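For the sequence shown, this note's numbering puts the final residue at 347, and the numbers step up evenly by one. Written out below as structure tokens is the structure these notes cover.
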Amino acid sequence: DGFTGMEVRGDTLTDKENAGAALLDACKEVKGSEPVQVGSYRGFAMFVTFDAFQKEYMLQLKGKMTHRTALGADPRGNLTRIDNALSQMPQRLESVKVQLDNLYQQQAAAKEEVGKAFPYEEELRVKNARLVELDMELNMDSKGQSRPEAAIAKRERPSVLEGLKRPIPPRSMEKKPRQQEQEAR
């Protein structure tokens, strides 16, 4: 069978059925989502949490990495789940190595891109200058003068919140022609 024993709440259990039952008893004492150490198995510290949303106990095996598995009501089944989680470690390690290599490649590509000049820099500068001109024309007040803040660079513009705090001019009580037309109907 290969069962090497399990330590649960300070007791070393060599029988698989007893170890599984002791683990279930230890789980029943855990009420929250904070991990509670209940023992150790194969050199990994065992922590249990209760997932109230899923209404199940989660076992965390902690070593250099944390391995998680859900626990059920069957004592022997739980030990099988734990063994399966541990046996998947080589595949998880390989998957993490592939992800790490991918991240290193992305980092190298990003560093290369940062070093390149922006190919549309001049076009952007010209279009931004034209945008400022158009903004100034659109923001002309009734005297034909442009508002000075329209020409201020974006990073030097006043806060939008300050603009919202300015008093609003009172509205005229004249009805618009469309409103009068709708009222006549």
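For each residue, glycine too, the CB sits at the ideal point set by N, CA and C. Predicted, not measured: the structure shown is a model, and the values here were computed from it.
Check, Outcome
"For D173 and E151, the rounded distance between their alpha carbons", "No information on residue 151 is available, as it lies outside the stretch 163 to 347 that the chain covers here."
"Residue nearest to G201 in terms of C-alpha spacing, selected from D187, S195 and E275", "D187"
"Straight-line gap, D177 to H229 (C-alpha atoms, nearest Å)", "23 Å"
"Nearest candidate by alpha-carbon position, reference A207, set K217, V288 and R171", "R171"
"Cα-Cα separation between G234 and E274, rounded to whole angstroms", "50 Å"
"N-terminal and C-terminal residue of the alpha helix (DSSP H) that Q250 is part of", "Taken as a continuous stretch (DSSP letters only), Q250 belongs to no alpha helix (DSSP H), as it is neither H nor E."
"Residues near T231 in its chain [Cβ-Cβ closer than 7 Å; skip 5 each side]", "L221, R243, I244 and A247"
"Straight-line Cα distance separating G239 from F165", "13 Å"
"Spatial distance of Q216 from V192 (CA atoms)", "15 Å"
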